[in-house]
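Note sheet for the following structure.
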Amino acid sequence: MNYPYAIGNIKAIESRIFDKNKFSKLIRVEKNDFLKTLKELGYASSVNSDHLEDYIQAELVALKQYFDEISPDKHLTDLFFMANDATNIKIMFKKRIFGLDQIDVYAQTGSIQPELLETAILNQDYSLLSKDIQTLLLGIEKQIDGLSNARLISSIIDNAIYDFIFSQIGFSQARALRRYFQAVIDTTNVMSWLRCRLLEWDINEFEVMFINHGLIPKTVFWESFTMSEETSPRAFMEYYDEQIMKALKTYFEKPELNQIERLFDLLVLELMKEERNESFSIGPIIYYYLQKISEAKNIRMIYASTYFNPSDLLDY
Numbered sequence: 013m014n015y016p017y018a019i020g021n022i023k024a025i026e027s028r029i030f031d032k033n034k035f036s037k038l039i040r041v042e043k044n045d046f047l048k049t050l051k052e053l054g055y056a057s058s059v060n061s062d063h064l065e066d067y068i069q070a071e072l073v074a075l076k077q078y079f080d081e082i083s084p085d086k087h088l089t090d091l092f093f094m095a096n097d098a099t100n101i102k103i104m105f106k107k108r109i110f111g112l113d114q115i116d117v118y119a120q121t122g123s124i125q126p127e128l129l130e131t132a133i134l135n136q137d138y139s140l141l142s143k144d145i146q147t148l149l150l151g152i153e154k155q156i157d158g159l160s161n162a163r164l165i166s167s168i169i170d171n172a173i174y175d176f177i178f179s180q181i182g183f184s185q186a187r188a189l190r191r192y193f194q195a196v197i198d199t200t201n202v203m204s205w206l207r208c209r210l211l212e213w214d215i216n217e218f219e220v221m222f223i224n225h226g227l228i229p230k231t232v233f234w235e236s237f238t239m240s241e242e243t244s245p246r247a248f249m250e251y252y253d254e255q256i257m258k259a260l261k262t263y264f265e266k267p268e269l270n271q272i273e274r275l276f277d278l279l280v281l282e283l284m285k286e287e288r289n290e291s292f293s294i295g296p297i298i299y300y301y302l303q304k305i306s307e308a309k310n311i312r313m314i315y316a317s318t319y320f321n322p323s324d325l326l327d328y
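In C-alpha cells, the structure reads:
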C-alpha cells in the first residue's frame, strides 16, 4: 500500500471525528446518559461498559489496528507508537524494581505487545523479542541496575527509547516524524523545567529529567534557571515561533498547569497540521492520530466536569 492510498483512506473517515456539535451534545447530556450518548454518536459503538476509559481505549486500539493495515511503512508507524511502549516499559521496570504488583494497566497502543514486554522485563526473558528490541531493553537493564530513584529510571528509559527512535529515523518520509518527536520532547522538557521551578528544585534535579533530541538545547534551560520568573520565558523566544515563551508568560500570569498543558498540546497539533496534506509522508497519519487523541482528551474533560466551558476544548 502506498502513501496516497493510505492518506485517501484517512481523508474518507475524517468526518467521523467529533466536531463542536457532537461535543455540545455531550456537554448538555446528564452524566447517567453520557456513555449511552457517546455510543449513539458513533464512538466505540461496540463497547458495553460502565467505564469511560474502556470506550476510549477501544477507539484508540481500533485506530492503531487500522494504521497497521493501511500504513505504507510499518517501520515508521511502529516508531511513532513506541512512545506508548515507553509508558509500558517504565511501568514494568518499576513494577519489578519496586514490587508494585498493583500496577497492571498497560497501554494497548504500543508497537510491542504488552504480554511480550512483561515476559521480557518481569521474567528477564528477552527471547521472544526482535534482536534490536532485545538490545534496547538489555541496554536499559545495564543503565538502571542498582538504581532506586524513580525519576532517574524514567529519564534513562525515555532517553534510551528516543535514542533508538532517532537512530532509526531517516530523512525523507520521516521528516514529519522527526518534527513530531522533537516538539513532544521540547514541551516535555519545558514542563519538567517548570515543575522544578515551582518545587524550588535546583538544576541538578532538572538534569535528571532532561530528554535529549529536542530542538531546545540544555544550555537554554541552564540559562533560564538563572533568570527571574518574569524574564525566564524570554529564554525560549527563538523556538516554535515564540509559542513556548507566550505559553509560559500566560502561565506565570495565571498559574494553571492544565492550561499550559493544553497550550502545548495545541502547539504540537498545529505543527503537525502543517503536515496533513503531504502526499508522500507519514505526516497525515500522525495528524489524524493526534486529532483522535485530542478528541479523547475533550471527552474526558467533559465527563469529569460539572460545569464545562466549551472554550476549554482542544480545537483541531
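The numbering used here puts the first residue of the sequence shown at 13, with every later residue one more than the last.
C-beta: ideal position from N, C-alpha, C; glycine also.
- Contact between the stretch 100-117 and the stretch 306-320 is absent: fewer than 3 CB-CB pairs across the two stretches fall below 8 Å.
- Per the Cβ contact rule, the stretch 256-271 is in contact with the stretch 194-209 (3 or more Cβ pairs under 8 Å).
- In the structure shown, A119 adopts coil according to DSSP, grouped into three states.
- Remark: C-beta atoms of L164 and V220 approach each other more closely than 8 Å.
- Look at the beta carbons and you see the stretch 52-63 touching the stretch 19-36: at least three pairs across the two are nearer than 8 Å.
- Y319 and L38 have their C-alpha atoms roughly 12 Å apart.
- Residue environment for V280: buried (at least 16 other C-beta atoms within 10 angstroms of its C-beta).
- In this model, Q120 and L91 are separated by some 15 Å (Cα to Cα).
- Here T99 has A119 as same chain residues with Cβ atoms under 6 Å from its own Cβ, once five neighbours each way along the sequence are excluded.
- When the five nearest sequence neighbours on each side are left out, the beta carbons in the same chain lying within less than 8 Å of the beta carbon of W234 are those of I215, in order along the chain.
- In this structure L75 is in contact with Y301, their Cβ atoms being roughly 7 Å apart against a cut-off of 8 Å.
- Under the 8 Å Cβ criterion, the stretch 82-90 does not count as touching the stretch 149-157, having fewer than three qualifying pairs.
- Taking 8 Å as the cut-off, the beta carbon of E287 is found closer than this to the beta carbon of Y299.
- Of all alpha-carbon atoms in K34, P267, G122, the one lying nearest the alpha-carbon of L72 is that of G122.
- Shown here for R191: same chain residues with a beta carbon closer than 7 Å to its own, the five before and five after excluded, namely L283 in chain order.
- Judged by beta-carbon spacing, T89 lies beyond the 8 Å limit of I305, meaning their Cβ atoms are not closer than that value.
- Going by beta carbons, A172 and E290 fall outside the 8 Å limit.
- Rounded to whole angstroms, the gap between the alpha carbons of Y17 and A24 is 11 Å.
- In the three-state scheme derived from DSSP, where H, G and I count as helix and E and B as strand, L189 is classed as helix.
- The three-state secondary structure of N161, taken from DSSP, is coil.
- Closest in alpha carbon position to A95, among T262, I177, I181, E212, is I177.
- At a Cβ-Cβ threshold of 8 Å, W205 and F218 count as neighbours.
- Under the three-state reduction of DSSP output, T238 falls in the coil class, being neither helix nor strand.
- Put simply, the backbone Cα of T49 is about 8 Å away from that of V41.
- Counting every other CB atom within 10 Å of its CB across the protein chains shown gives F110 a total below 16, marking it as exposed.
- Take the alpha-carbon of E127 and the one of L112: they are about 17 Å apart.
- Distance from the Cα of Q303 is smallest, within the candidate group D277, S317, F292, for D277.
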